[in-house]
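For reference, the structure is listed below as structure tokens.
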Amino acid sequence: MRKDDCIFCKIVERKIPSAKVYEDDDVLAFLDISQTTEGHTLVVPKEHYDNFLSTPKEVMHKVMDVAQRIGQAEIMVLGAKGINILSNVNKEAGQSVFHFHVHVIPRYDRKGGFTLEMKENPKAKDLSLPALADEIKKAL
Ligand code: AMP
Ligand code: ZN
Numbered sequence: 174m175r176k177d178d179c180i181f182c183k184i185v186e187r188k189i190p191s192a193k194v195y196e197d198d199d200v201l202a203f204l205d206i207s208q209t210t211e212g213h214t215l216v217v218p219k220e221h222y223d224n225f226l227s228t229p230k231e232v233m234h235k236v237m238d239v240a241q242r243i244g245q246a247e248i249m250v251l252g253a254k255g256i257n258i259l260s261n262v263n264k265e266a267g268q269s270v271f272h273f274h275v276h277v278i279p280r281y282d283r284k285g286g287f288t289l290e291m292k293e294n295p296k297a298k299d300l301s302l303p304a305l306a307d308e309i310k311k312a313l
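Sequential numbering from 174 applies to the sequence shown in our numbering.
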């Protein structure tokens, strides 16, 4: 199902132009308009799902497969030295387009516009990691 008010559904339906990198029956990849770093690509399922967590497993696997291939290609032809693979889920995590997508962000020696910093939580030492792990485990 497509969603009328979804910008990525419109790209899938070619109602909005995009710089396509890959397409098959289920998956589309196109350049992110922001080009955080050169080659920054988005991989999306053609069907509309709101985010990574609500996408059926088989569809998510197809998207991740394409993301891996694009990462490999960007290392090969763009001279990228590394890749960040990222999918934001919900606005609290920075999601702004609510159609599942994976960012493939090539990284070069030179600085691009992308930063990702995982700081140590000052409360980390007060947390019980086994209890926290058990809580997550219970829900799996
Ligand atoms: P997120 O913030 O993780 O939901 O990512 C959404 C991404 O979609 C942003 O990086 C935008 O730059 C990108 N974006 C929004 N509109 C377009 C568009 N028309 N074509 C390509 N990329 C887009
Ligand atoms: Zn959509």
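Note that beta-carbon positions come from the ideal geometry of N, C-alpha and C, so glycine has one too. All values derive from a computational prediction rather than experimental measurement.
Looking at the secondary structure, which residues open and close the alpha helix (DSSP H) in which residue 181 lies?
180-185
My parser needs the alpha helix (DSSP H) runs of 4 or more residues fully inside the stretch 180-226; what are they?
180-185
According to DSSP, what are the bridge partners of residue 276?
215 and 259
Would you identify the three-state DSSP class for residue 266, choosing helix, strand or coil?
helix
Using only the heavy atoms of the ligand ZN, determine whether one of them is closer than 7 Å to the beta carbon of residue 175.
yes
Can you give me the start and stop residues for the alpha helix (DSSP H) that residue 303 sits inside?
302-311
Relative to the ligand ZN, is the shortest distance from any of its heavy atoms to the C-beta of residue 221 smaller than 7 Å?
yes
So, using beta-carbon positions, are residue 278 and residue 213 closer together than 8 Å?
yes
Using the beta-carbon count (16 or more within 10 Å), is residue 235 buried or exposed?
buried
Residue from 308, 274, 305 and 252 with nearest C-alpha to residue 228
274
Selected residue, minimal CA-CA separation from residue 203, among 307, 244 and 298
244
Tell me the residue span of the alpha helix (DSSP H) that contains residue 235.
230-250
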